[in-house]
Each structure stands twice: as C-alpha cells, then as structure tokens.
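In case it helps, full-length UniProt numbering puts the sequence shown at residues 1 to 68.
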Amino acid sequence: MFQSSNIDFEDNIIIVNPKQAAFYWEAKGIKPVHIFPSRDINTNDPIIVFVFKRSATKEAWREWQDRR
C-alpha cells in the first residue's frame, strides 16, 4: 500500500480514508504531518495517505467512531 519504512508507527497513524482525514483536519484542526500518494494494495488504484500524530488524534478518533 505505501512505503512505511520512514514512518514511526509508535508515534504516528496512517489514514487512507479521505473523509476521516478531512474530519481530523477540518473539523478538529489536526493537521497531518505527512501527505503522500500511494496505491491501494488490493486494487492498485491511486490513493492519498495521511499521516497524523497518534497523540493528537485520540479524542478525534473516538468522535469519528461515534459518528459512524
């Protein structure tokens, strides 16, 4: 799906759902630390990968789960 060698998964999370990334960024004001293009591992379709700080997204993640 994406090159993960440069991403510290202990401190960061990967979001590939653009609606979820937009919720974090627009509604909660949490800016991604990295954004890069990649390919979906199953379909090979182009995707955008958003990397956020894990500590900054904990509350937003709970709110995102409640919205679903």
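We put the CB at the ideal spot given by N, CA and C, even for glycine.
1. Could you give the DSSP three-state label for I13: helix, strand or coil?
2. Pull the bridge partners of P46 from the DSSP assignment, please.
3. Compute the distance between the beta-carbons of F50 and I15, then report whether it is under 8 Å.
4. Is A56 closer than 8 Å to I35 when the C-beta atoms are compared?
5. Cutting at 7 Å between CB atoms, please list the residues of its own chain near Q20, excluding the five before and the five after it.
Taking the structure as given:
1. The answer is strand: DSSP assigns I13 an E or B state.
2. Looking at the DSSP output, P46 sits in a beta bridge with R39.
3. It is a contact, given that the beta carbons lie within the stated cut-off.
4. Not closer than 8 Å, so no.
5. Closer than 7 Å at the Cβ level, and outside the excluded window around Q20, lie W64.
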